[in-house]
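Sequence positions in the sequence shown follow full-length UniProt numbering and run 1 to 200.
Below is one structure, written out as structure tokens; comments come after it.
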Amino acid sequence: MGTFILRIVVGLLFVGHGLQKLAGMFGGGGIEQTEKMMDALDMHPVKLQARAAGLAETAGGAALVLGAATPLASAGLIATMITAIRKVHAKNGIWNSKGGVEFNLVMIAAAALLAAGPGKASLDAAFGRSKWGNGWTAFALVAGAVGSTLAIVAGKRFAPEPAESTADVSASPVAADDADPDDTARSEPPEGRDPSDDRS
């Protein structure tokens with residue numbers, strides 16, 4: 001019963017969190033706000049990263065609720081939490097009151113625990129896998145860490161090139177074309193006049 005309760009609570013929380021990102025439900029900002037967040041975090045390409053994060057949480061959470069392919073679901077959820085720690089929360093310390101890693105660590109621990117097995121009231125159990133074993137917990141943790149690293153590396157790899165600085169207009173050949181014709185006329189001596197006359 002304890003595993004079942006843990007699965008339902010953690011799974012539904014992840015589903016809600018994912019729907020905040022994808023559809024703006026439960027007070028979330030929706031996909032556009034998620035894309036802006038990914039851009040601010042240098043997670044490129046932002047459209048792909050935003051949808052991947054939202055889908056990982058929504059689909060992974062739903063899989064936990066159903067108890068289906070729990071090691072894979074747990075790995076995806078762990079990846080999102082590790083990424084959140086590395087990109088947002090690590091600099092704020094431990095406690096959630098200061099925006100730290102507390103919540104993320106709890107969710108990682110819960111997902112890792114469930115990776116070992118969803119219990120009897122699950123789809124996995126219907127196919128003879130009510131327990132997966134500790135090896136699958138290790139798999140979920142390692143796969144989650146690798147997935148997070150790949151997402152962050154991709155964010156740097158696909159970051160847009162910085163805009164080139166504008167060159168000094170005075171040094172540009174175009175500057176001569178933009179010069180005031182009146183100024184040019186004033187700088188040239190009248191036709192038939194010897195410039196040496198100005199020295200007298």
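Ideal Cβ positions, reconstructed from N, Cα and C, are used throughout, including at glycine.
How big is the Cα-Cα spacing for residue i and residue j?
{"i": "L150", "j": "K36", "result": "20 Å"}
{"i": "D39", "j": "K120", "result": "42 Å"}
{"i": "V106", "j": "N134", "result": "18 Å"}
{"i": "M1", "j": "I108", "result": "20 Å"}
{"i": "F4", "j": "G30", "result": "30 Å"}
Based on Cα-Cα distance, which residue from the options lies nearest to residue i?
{"i": "G28", "options": "Q49, G54 and T3", "result": "G54"}
{"i": "V65", "options": "G16, S148 and G155", "result": "G16"}
{"i": "K156", "options": "E32, L12, D42 and Q20", "result": "D42"}
Tell me whether residue i is buried or exposed, calling it buried when 16 or more other Cβ atoms sit within 10 Å of its Cβ.
{"i": "A159", "result": "exposed"}
{"i": "E161", "result": "exposed"}
{"i": "P118", "result": "buried"}
{"i": "residue 241", "result": "The question about residue 241 has no answer, for the chain in this structure spans 1 to 200."}
{"i": "F14", "result": "buried"}
{"i": "N104", "result": "buried"}
{"i": "V142", "result": "exposed"}
Check whether the Cβ atoms of residue i and residue j sit closer than 9 Å, and answer yes or no.
{"i": "G144", "j": "A68", "result": "no"}
{"i": "G60", "j": "G24", "result": "no"}
{"i": "V10", "j": "L114", "result": "yes"}
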